[in-house]
Every structure is written in C-alpha cells, then in structure tokens.
Amino acid sequence: MHLIGHCSPLVVNNIIHGLAAKYTCSNVFIGGSTVEQQRTVDIGSASYLNNVTIIVNRTDSSVIAYTKGSTIRKAIYRPGLGATLISDYAERQIRSQRFNLPSPPNINQDYIPWPMGDKIVDHSYPSNVNRTALENAIDSLFIETNPKLPIRTHAVVVVYDGKIIGEKYASGFSKKSKILGMSMTKSITGTLMGILVQQKGLNIDEPAPVPEWNNINDSRHFITIRNLLQQTSGLNWNEPYSEHSDVLRMLFMTGDMGHYTASLPLKDKPGSQFVYSSGNTNILSRIIRHQLDWIDQSIASSDGYGGGRYGFQFYLNKPANKNTTNRRFPNVPTDTYYAVGAQGQDVFIIPSEKLVVARLGATTAADYEWGADEFLQAVINSIE
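The sequence shown stops at residue 389 when you use the working numbering, and every number in between is there.
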C-alpha cells in the first residue's frame, strides 16, 4: 500500500496509526503472527511503520498504535467478527453489538478430504505434468533478484484438474497460515452475492436495497446491485491513495463504511462509467448482511466498462479491444479470471487449462508486480 504524502501530518498519522492497529490486530489475533513478523514480513517492511509504537493487549484482544505526541488508534478483535478499527463509534458501543453468528463447526480439517479439508487422499501425480519444470517455476517466486524491490512471496498453490500439483511456503508460513486477502475479498463478496441471488431470488437489476437511496426523487435511487458489482455505480468516489482519497477516509477514519459510501453524491449516470471503488463493495457487503442477518451457510463481464476487463468483482483477462494481445496478461488464456488484493494477493482461475493458481505475499513494488504473467505461462507450459 502506498500512502499519501500531501495530507496534513495529523491526517497522515491518523491513517498510518489506524492501518498499523487494524493490520496488527488481524495478523496477531487471526493470523497468529507476532508484531515483529508483522513489521518485517506481513506488511513487507513498510517504512512508514518504523517509528510507530504498537502494543498488543491479549487480555482484551486489542492493539493500539501511536507515535510520541500524536494520535492513538485502537483496534479490537471479536471472535467471529474479526478485527475492527475504532473510529467514530465508541469502543463500548462496538463491543455491545450482537449478531446472529453461526456456531463454528467443531471439525478437525486434517481428517476431512481436500478441498473441503486438508487431508490429501489421492497422492498420485498427473503423468502429463512436468514436475521439475513446475517446481522450478514455483521456486523462482521465492528468489529475490532485486534487493530494492523484493517480491516477498509468502505462499503459492497450484491446482490442476482438481488436484494440488504444486505448493510452497516461505519461512514462517504454512498451509495453516491465515493471510490478509486485501481486495481479493471483493471477489468473495461477488460470489456471496451470486449465492444470495440464487437462494433468495434477489434481482440485481432492480434498485439496490440501500436505505440512503430510498427516496425515488434521489438520483441514486436507481443504482442497481449490478452497477455495484460492475463498479459502475456512478458515485463520486476517489480510490487512489492520495490527498483526497475516499478509500483512506472510509477504511481508517469512518466507523460505518457502507453508510459513508452510500452517502456520497452521484457523479455519473449509473451504469455509464467504470470507476474502481472499494466503497461499492462495502455497500454490497452491507446488503448481504442485511439480507441474511449475517452469512449462515451456504461471473459476468461488465462489457464496455473497465475496458470489458472487470466482471462481478473479478478481473477478466480480456482484451480492451479487438487486439487480443492488449490484455493484462498476454501470455495467459483470455478465459482467465482472477481475484486481486494489494501487495500481490492473487488467485487465478483458468478454465481452459483446468488450473487454479494462488499466490500470496507482501510485494510493495509498483502495481505490486511479482512476475505473474511469466509465472503463469511457465505453469501452463509445464503441463503437456
């Protein structure tokens, strides 16, 4: 994550301390890591955390972060709900919230066959896979060739035709590790919305059930769930991490992220302009929660928007025009769709090759570049 450099020191510190508190709370109480690992590995040795004091309180499952003489930010962990950064709601108010959460299953995943669990039943290896070539490709992601721009791969898993054929983890990580998914969660949200449509009959082409837009005279009233899924809501949103960033204000200075985004004015006609927005996804998350009273149990292209390369919260490896080489990953099939998160959290689904490839890490290079195109090509080439 590249933080802003043009805001007032007070605002910058507020955001940085909020980021440190929230991420540490998630990594420590969910991921099981330490503050030191958080500083050096989990967030990729982020320099803006060097002078931040981070204190973990295991008694009340909280984390505070601050620098001397500046704003103190606090995040709290609640079982089943994750880590919450305290912003404009009091801690007591947040802790008093009650949700209809499903009971966690008392199941040892080591005894459940993969993919529902961790037990590998079939240990055979596909005869058409060049195992050495595949392992060499995977190993290459754990070799740092540029000390100034390390890619910091944490984990790689390659699934072919329903079978794990390649898997590797960096020191300190394993198949049990819980790693921040960042914006990959958008793709999970889109999938959950698909389940909601299937099971509850929700119509994604009707006005979205957003209380702030109930008035038919409100120009936002006609924003649909499809618009939110395709990032074409038309809301006046600024995603880049800059001086006037809505995403920074929403994530680190606002208690109700769905309400913050839903309260923004309309800039464009819904459905007319693609604008990538983490705010749209938070509105979708709120809709899902309200529709289901929490999650119990249980991909289409936005043609013309985002160059036709963004689906229902998934990215598509489609060309922006008839030039088939003009796509994000030119060496990877056009039917590829993928979930993307900051710092190189990626899951690629390639139906034509029967492949699913996951790569997680803490890459801080520009565009979180870690060599995905070349790696995916090498994986595909290892299969005859």
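Positions of the beta carbon are idealized from the N, C-alpha and C atoms, including for glycine.
Check	Outcome
Contacting residues, own chain, Cβ-Cβ under 8 angstroms from residue 266 (five flanking each side not counted)	240, 242, 251, 255, 282, 284, 285, 287, 288
Cross-strand partners of residue 261 (DSSP beta bridge)	In the DSSP output, where bridge partners are listed per residue, residue 261 has none listed.
Proximity below 7 angstroms, CB of residue 371 to CB of residue 162	no
Sub-7 angstroms separation of residue 291 and residue 260 beta-carbons	no
Where residue 24 falls, given that 16 or more other Cβ within 10 Å makes a residue buried	buried
Inter-residue Cα distance where the pair is residue 68 and residue 87	13 angstroms
Coarse secondary structure for residue 353, derived from DSSP in three states	strand
Nonlocal neighbours in the same chain, by C-beta distance under 8 angstroms from residue 389, ignoring five residues either side	133, 134, 135
Member of 84, 347, 387, 188 whose CA lies at the smallest distance from the CA of residue 157	347
Residue 89 classed as buried or exposed, judged by whether at least 16 other C-beta atoms fall within 10 angstroms	buried
Residue 199 - containing alpha helix (DSSP H), residue span	189 to 205
Neighbour-count burial assignment, residue 367, 16 or more Cβ in a 10 Å radius	buried
Contact check, residue 191 vs residue 143, beta carbons under 7 angstroms	no
As assigned by DSSP and simplified to three states, the class of residue 118	strand
Contacts around residue 36, its chain only, beta-carbon distance under 8 angstroms, and the 5 residues preceding and following it disregarded	47, 182, 183, 184, 185
Short Cβ contact (7 angstroms threshold) for residue 165 with residue 360	yes
Completely contained beta strand (DSSP E) runs for the segment 51 to 98, where each covers 3 or more residues	58 to 62, 67 to 71, 78 to 83, 87 to 90
Terminal residues of the beta strand (DSSP E) in which residue 234 lies	Run containing residue 234: none in the beta strand (DSSP E); it sits in the alpha helix (DSSP H), 230 to 234.
Residue 73 burial status per 10 Å Cβ neighbour count (16 or more: buried)	exposed
Rounded straight-line distance, which links the Cα of residue 317 to that of residue 112	32 angstroms
Residue 159 versus 169, 148, 167, 97, residue with shortest Cα-Cα distance	148
According to DSSP, residues forming a beta bridge with residue 28	In DSSP, residue 28 forms no bridge with anything.
Contact check, residue 270 vs residue 228, beta carbons under 7 angstroms	no
Whole-angstrom distance between residue 97 and residue 312, CA atom to CA atom	With a pLDDT of 48 at residue 312, under the threshold of 50, the modelled position of this residue cannot be trusted, and the question is left open.
Sub-7 angstroms separation of residue 211 and residue 268 beta-carbons	no
Contiguous alpha helix (DSSP H) assignments of at least 4 residues, all confined to the segment 102 to 152	136 to 145
Buried or exposed by the 16-neighbour rule on C-beta atoms within 10 Å, applied to residue 41	exposed
Residue 369 versus residue 221 - alpha carbon distance	44 angstroms
Residue burial classification, residue 194 (beta-carbon count within 10 angstroms, cutoff 16)	buried
Same chain, Cβ closer than 8 angstroms to residue 303, neighbours up to 5 away in sequence not counted	The pLDDT assigned to residue 303 is 38, lower than 50, so where the model puts this residue is not dependable, and the model offers no usable value.
Inter-residue Cα distance where the pair is residue 33 and residue 76	22 angstroms
Limits of the unbroken alpha helix (DSSP H) element including residue 381	377 to 386
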